[in-house]
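Q: Here you go, one structure.
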Amino acid sequence: VELDPENYQGRYRRATCLLALGRSKQAVPDLDATIKLKPSFWQAKEQRAGVFFKQGRFDQAVKDSEDCKAYSQNSRNLIQEIKTAKQHLSNAEIYMKRGHYDYALKSIDKIKEKCPWSVDVKRLQADCYEFYGEVDKTITALRPLVQLSPSTAPETYLRLSKLFYQKAELSSALDQIRE
């Protein structure tokens with residue numbers, strides 16, 4: 032790729048390999064470059080739409096899927112999945128605001144497998160568990176947020192520290208503060 036930066040196929044192949052290794056954040060710039068170099072290469076847009084969907088970036092996923100729906104049944108199916116997931120996330124947020132945490136968790140459960148890298152889903156899930164006093168589940172939901180959203184890592188570490196303190200695990204609480 033470095034030898035021939037204008038080679039869209041090389042960038043696409045590298046992005047595909049990165050996705051296979053679970054490195055979606057590193058794959059997206061290669062997919063962006065592939066699409067910039069060859070806008071008609073719909074497979075790259077379809078691949079990027081899938082990543083955006085898993086990250087909970089629904090509007091961007093729909094845009095890319097719309098561009099591919101004439102070429103691929105998978106894109107048409109993904110558009111429907113995105114609409115459903117977006118509705119479940121919206122329902123979960125509404126339930127949270129109204130204090131119906133059990134219904135919010137049910138809505139989150141319907142999309143958490145399809146959007147495993149979504150910061151919003153993880154955060155809502157952690158909020159629900161924290162309301163119910165399930166500290167271990169809250170910690171489990173919060174830990175991935177450090178990698179998924181580095182910009183909110185300090186707040187996440189502080190929240191984790193407070194949760195470990197509630198559990199009387201002082202050494203773990205201090206470790207989170209040091210991070």
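Residue numbers (our numbering): 32 to 210.
Backbone N, C-alpha and C define an ideal beta-carbon position, used for all residues, glycine too.
Just so you know, these numbers come straight off a predicted model, no measurement behind them.
1. Quick check: what's the CA-CA separation for P175 versus K153?
2. Quick check on the DSSP output: what are the complete beta strand (DSSP E) runs of length 3 or more inside the stretch 36 to 89, in order along the chain?
3. Going by the beta-carbon positions, is the gap between E80 and A46 smaller than 9 Å?
4. Just to confirm my understanding: we take K198, look at its own chain, exclude 5 residues before and 5 after, and list those with CB closer than 7 Å. What are they?
5. Can you list, in chain order, the stretches of the alpha helix (DSSP H) that have 4 or more residues and sit fully within the stretch 162 to 201?
6. Restricting to Cα atoms, I'd like to know which of K85, D151, R190, S96 is closest to M27.
7. Locate the alpha helix (DSSP H) running through Y134, then write down its first and last residues.
8. Less than 8 Å between C-beta atoms, sequence neighbours within five positions excluded: which residues of the same chain meet that for L50?
9. Please name the residue in C159, E186, K137, E144 whose C-alpha comes closest to that of G130.
10. Looking only at its own chain, which residues have a Cβ that is under 7 Å from the Cβ of Y163, when we skip the five neighbours before and after it?
11. Does the distance from the CB of H119 to the CB of K141 come in under 9 Å?
A: Quick answer:
1. Taking the first residue of the sequence shown as 1, we reach residue 175 at position 144. Taking the first residue of the sequence shown as 1, we reach residue 153 at position 122. If you take the alpha carbons of P175 and K153, they lie about 8 Å apart.
2. none
3. For this step, residue 80 is matched to residue 49 along the sequence shown. For this step, residue 46 is matched to residue 15 along the sequence shown. The question names Glu, but residue 80 is Ala in the sequence shown. Going by C-beta atoms, A80 is not nearer than 9 Å to A46.
4. Position 167 of the sequence shown, counted from the start, is the residue given in the question as residue 198. Only V166 meet the Cβ criterion.
5. 166 to 179, 184 to 197
6. Residue 27 is absent from the model: the chain starts at 32 and stops at 210.
7. Along the sequence shown, read from residue 1 onward, the residue named residue 134 stands at position 103. Note, Y134: alpha helix (DSSP H), 132 to 142.
8. Counting from 1 along the sequence shown, the entry for residue 50 is found at position 19. Result list for L50: A58, Q78, V82, in chain order.
9. Here residue 130 refers to the residue found at position 99 of the sequence shown. Looking at the Cα atoms, C159 is the closest of the given residues.
10. Numbered from its first residue, the sequence shown carries residue 163 at position 132. Closer than 7 Å at the Cβ level, and outside the excluded window around Y163, lie Y132.
11. Your numbering for residue 119 matches position 88 in the sequence shown. Your numbering for residue 141 matches position 110 in the sequence shown. Yes, these two residues count as a Cβ contact at 9 Å.
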